[in-house]
Amino acid sequence: MQKTTLMMTLSVLAMAACSPQAPEPAASAPVAETQSAPAMADMPMAAEAPAAAGPITSMGKIVAINAEAGAVTLEHQAIPEVKWDAMSMGFTTTDPAMLKDLKVGDMVVFDLMSAAEPTKISRIVKQ
Ligand SMILES: [Cu+2]
């Protein structure tokens, strides 16, 4: 009886020992990724540069506007590129003329100059 139990135990162990072999090809995949890591490390930096260079496009609603001064207050949606939640805040435009046909309440699409100059709007158009 004990021998039979031992045999069964061993065969279960043998089967269990077989299954770890199955994931082996998958386990070698991370090794391949590690080998290509130097190339991948360059990619985030390359991707970040254009984002910081802008423009960063977003959308919002005009809550206040001073076309003469080229200033506009927008209730803008979240802008992940500059880690902003949705909020109401003031912006200046690179050219006050772009505000002449806009009014409070207008829904607009706008471009922020860059992540370095996020409160400057280089383009704003009615949606
Ligand atoms: Cu904001």
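Quick note, in this note's numbering, the sequence shown goes up one by one and the last residue is 145. Glycine included, every Cβ here is placed at the ideal spot set by N, Cα and C.
Ligand 1 heavy atoms versus the CB of Met-116: any closer than 7 Å?
no
So is the beta-carbon of Met-77 under 7 Å away from any non-hydrogen atom of ligand 1?
No - ligand 1 has no heavy atom lying nearer than 7 Å to the Cβ of Met-77.
By a C-beta neighbour count over all protein chains shown, 10 Å radius and 16 as the cutoff for buried, is Ser-76 buried or exposed?
buried
If you measure from the CB of Met-131, is any heavy atom of ligand 1 nearer than 7 Å?
It does not: the Cβ of Met-131 is nowhere closer than 7 Å to a heavy atom of ligand 1.
Buried or exposed: which applies to Thr-111, given that a residue is buried once 16 or more other Cβ atoms fall within 10 Å of its Cβ?
Buried: at least 16 other Cβ atoms inside 10 Å.
Going by beta carbon distance, what residues of the same chain come within less than 7 Å of Gln-145, once the five residues before and after it are set aside?
Met-77, Met-125, Val-126 and Val-127
Closer than 8 Å is the cut-off here; do at least three beta carbon pairs connect the stretch 113-120 with the stretch 93-104?
no
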